[in-house]
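Each residue of the sequence shown is one higher than the one before, counting from 36 in this note's numbering. Each residue gets a CB set at the ideal place from its N, CA and C atoms; glycine is no exception. All of these numbers come straight from a predicted model, not from anything done at the bench.
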Amino acid sequence: MSASGTHQFIINDSDITWETKINGVPQSTCSESCSPGYRKVIPDGNPSCCYDCIPCAEGEISNVTNMETCMSCPEEEWANSKKDTCVRKNIDFLSSQDALGATLVAFALLLIFMTLSVLVIFIIYRDTPIVRANNRDLSYTLLICLMLSFLCTFSFIGHPTTAICLLRQVAFSLIFTVAISSIVAKTITVLIAFRSTKPGSKLSKWTGKKLSAFIIILCTLVELGICTWSLVQFPPFPNRDTKTYTDRIILQCIATSSMGFYTTHGYILTLSLFNFALAFLVRKLPDRFNEAHYITFSMLLFCSVWISFIPAYLSAKGKYMVAVEVFAILASSAGLFCCIFIPKCCTILLKPHLNSRIKLSVYK
């Protein structure tokens with residue numbers, strides 16, 4: 036800087052002591068620029084050039100510097116960690132790739148193998164007293180239904196579609212109805228068979244296969260009617276839930292109303308409670324009719340599982356809600372399988388001398 040034509044005024048910056056933390060030249064503004072992911076907020080009483088930089092809220096971004104407001108991400112997207120870009124949310128459903136889904140699949144496969152093994156044993160020993168005395172046709176029907184119930188759990192695991200949403204509830208409802216009605220037929224057959232041994236009884240004509248078939252068909256037709264009404268009135272469909280969780284989308288089957296769900300499940304539970312009461316009444320029949328004891332305990336276990344299912348299902352969310360239903364299906368079916376068939380298999384395989392000496396009436 037020239038003071039005159041012959042003199043110069045020079046400032047030596049290195050010799051100046053600045054009252055700053057780093058002893059550097061201070062900035063001429065109150066605040067630095069706000070980076071992407073932040074927004075400007077001017078404190079009360081400060082000039083417009085003095086502001087604070089506040090991080091964007093969850094689900095919001097700012098993609099340029101010095102933005103005064105953050106932008107909300109679209110419904111199916113979420114802010115990244117820096118909050119400067121929207122990224123697509125993860126889609127969450129019960130998958131066989133998850134630890135929970137894989138555990139349920141493994142449990143179902145184990146039960147399928149066990150049920151198939153017992154079915155083969157019953158076919159091999161079909162002419163032995165213990166198999167024939169407990170109505171082998173109903174035993175075959177029940178074993179096949181239990182195996183199908185384990186198989187139907189696979190429709191609950193994986194990416195849900197409209198077809199799967201329709202299939203899973205109908206298949207579950209009809210399979211369980213046939214299974215429970217088969218046990219009802221077993222219990223009624225035991226009762227009638229005992230009553231028919233009394234002198235002058237006319238019940239012997241009701242101990243054939245026609246009665247069992249009639250009970251199964253009648254009970255199943257009622258459930259089929261309920262399922263048809265439910266599908267027409269409240270059809271299920273895959274729904275993308277973006278509200279329950281902010282960082283992911285829940286993909287699950289829902290219906291326009293829960294009425295159909297509770298009606299179909301309520302009918303099965305009512306049928307089970309009726310069977311439990313019936314089996315409880317005939318549990319003290321002579322030893323040769325002692326299958327009623329196993330049926331009573333199996334129905335008690337079955338009803339306990341599904342009564343416990345209701346509060347657990349209502350309190351769960353997302354894939355855990357589906358997992359609760361899958362577990363209820365597996366646990367209740369496994370209870371029927373273990374209570375009714377495992378004791379017979381133990382007798383057939385481990386105590387064959389009891390099977391060869393058992394003298395039971397054969398009901399055809």
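Sub-7 Å separation of residue i and residue j beta-carbons
i, j, result
"I473", "L129", "Here the chain has residues from 36 to 399 only, and residue 473 is not among them."
"S190", "L202", "yes"
"T255", "K352", "no"
"V359", "Y348", "yes"
"E326", "N170", "no"
"K124", "I285", "no"
"A314", "T212", "no"
"A220", "I250", "yes"
"P271", "A248", "no"
Identity of the residue in the options nearest residue i by Cα
i, options, result
"K117", "T255, I89, I126", "I89"
"C121", "R275, A366, T281, T299", "T281"
"S184", "R161, L151, C262", "L151"
"Y302", "P271, S265, S174", "S265"
"L209", "I223, I252, D162, C288", "I252"
"V340", "V205, Y86, V99, L304", "L304"
Through-space distance from residue j to residue i, alpha-carbon basis
i, j, result
"A312", "P164", "27 Å"
"L389", "I147", "28 Å"
"I218", "S350", "31 Å"
"L154", "L178", "6 Å"
"Q268", "H300", "16 Å"
"I199", "M356", "16 Å"
"I158", "W113", "58 Å"
"D133", "V140", "10 Å"
"L246", "S131", "42 Å"
"N365", "A143", "Asn is not the amino acid found at residue 365; the sequence shown has Leu there. Each residue's alpha carbon lies about 7 Å from the other."
Coarse secondary structure for residue i, derived from DSSP in three states
i, result
"Y86", "coil"
"K379", "helix"
"N98", "coil"
"S217", "helix"
"K75", "strand"
"A312", "helix"
"W113", "strand"
"L371", "helix"
"I393", "Because I393 sits at a pLDDT of 45, beneath the cut-off of 50, its placement in the model cannot be relied upon, and the point is left open."
"P271", "coil"
"R123", "strand"
"D276", "strand"
Close Cβ partners of residue i (< 7 Å) along its chain, the five nearest in sequence each way excluded
i, result
"F332", "C374"
6 Å Cβ shell around residue i - same chain, five flanking residues per side excluded
i, result
"A38", "At A38, the pLDDT of 49 sits below 50, so the modelled position is not reliable; the number obtained from the coordinates is stated separately. Cβ neighbours of A38 beyond the five flanking positions: F44."
"E110", "T277"
"M102", "R74"
Beta-carbon proximity list for residue i, same chain, < 8 Å, skipping 5 on both sides
i, result
"F324", "The predicted model places F324 with a pLDDT of 48, which falls under 50 and marks its position as unreliable; any figure quoted below should be read in that light. Cβ within range, chain order: V225, A228, F229, V317."
"V166", "F157, Y160, S174, K379, I383"
"R275", "E111, I126, I284, I285, L286"
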